[in-house]
Each structure stands twice: as structure tokens, then as C-alpha cells.
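FYI, the numbering for the sequence shown is 2 to 127, going by our numbering.
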Amino acid sequence: YRESFRLENGHPSGVACLSFSPDRRLLASGGIEGNICVWDLKTQKLLTSSTANSKSGVSVLSCVWKKDRNDSFICGIQDGSIAEVTLTSSKISIIGIRAHDYPVEKLVVDEGRVVSGAQKQVRVWR
Numbered sequence: 002y003r004e005s006f007r008l009e010n011g012h013p014s015g016v017a018c019l020s021f022s023p024d025r026r027l028l029a030s031g032g033i034e035g036n037i038c039v040w041d042l043k044t045q046k047l048l049t050s051s052t053a054n055s056k057s058g059v060s061v062l063s064c065v066w067k068k069d070r071n072d073s074f075i076c077g078i079q080d081g082s083i084a085e086v087t088l089t090s091s092k093i094s095i096i097g098i099r100a101h102d103y104p105v106e107k108l109v110v111d112e113g114r115v116v117s118g119a120q121k122q123v124r125v126w127r
């Protein structure tokens with residue numbers, strides 16, 4: 002592989018997770034500092050960003066796009082929350098729930114289900 006381009010200035014503390022949208026036009030990234038960023042891969046620009054949690058420094062550890070949805074993805078947060086992120090007119094709307102007693106490190110999305118993993122806990126959501 003050879004580098005094609007760089008996406009910079011979204012995560013001052015480092016990137017913890019990445020996920021392509023189903024149509025491969027957008028990239029979601031989660032940061033150690035708690036930022037959620039959405040990048041346009043055609044223009045190579047940051048479309049929008051937001052903080053995943055009102056508490057500063059709570060990392061976004063995992064992210065996965067919803068199947069057949071280019072405007073919505075799920076994030077796993079260090080505080081044990083999972084958050085649904087929805088894009089509207091280049092803005093981010095975030096709705097989260099407390100899901101685990103541990104940081105949410107793994108996520109899988111399939112046909113109306115979300116499965117989250119945090120240490121020894123695995124939970125299925127509809």
C-alpha cells in the first residue's frame with residue numbers, strides 16, 4: 002500500500018477507532034480525547050465533529066456504521082455507554098445509553114441489532 006492522503010486535525014490526542022460508511026464515501030473516527038469525527042473521503046475534509054460525552058477525556062473506543070445507512074453509526078465509549086450518532090445537514094446528533102460496567106471496546110451491527118462487548122460482558126440490543 003501507498004499513502005493516498007491524510008486526514009488531520011480531528012483528534013489532538015490520537016485516534017482510537019475508524020469505520021467506513023456503507024457507501025464508502027464517509028469515514029467515522031473516534032478519538033482518545035472523546036471526539037467523534039466524520040470525514041468526506043472525496044474532498045478529504047472534516048465534515049463535522051462533536052464530543053461523545055459531556056465529561057472531558059472520555060475516549061471513543063469503537064465505532065461501526067449501521068447497515069444500509071450512510072447517515073448513522075454506533076460508538077462505544079470508555080464510560081460504558083453506547084451512542085447512536087446521526088448525521089443531518091453536516092451536523093451530528095448523539096443519543097446514548099449506559100450499556101456496560103466497563104469500556105465498550107467492540108461493536109457489531111446487523112439487521113436491527115447492535116451487539117456490544119465490554120471486557121467479559123456481551124449484550125444484544127434491538
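Note that the Cβ used here is the ideal one computed from N, Cα and C, for glycine as well. Computed from a predicted structure; not experimentally measured.
- In the DSSP annotation of this structure, the continuous segment of the beta strand (DSSP E) that includes Ile75 starts and ends at Ser73 to Ile78.
- A Cβ-Cβ distance of about 5 Å is found for the pair Ile33 and Ser60, placing them in contact under the 8 Å criterion.
- For Glu106, the secondary structure class from DSSP, reduced to helix, strand or coil, is coil.
- Taking a contact to require three or more Cβ pairs closer than 8 Å, the segment 28 to 47 and the segment 60 to 79 qualify as touching.
- Contact check for Arg70 against Pro23 passes: the beta carbons are separated by less than 8 Å.
- Less than 8 Å divides the Cβ of Ile96 from the Cβ of Ala84.
- For Arg124, the pairing in a beta bridge is given by DSSP as Ser117.
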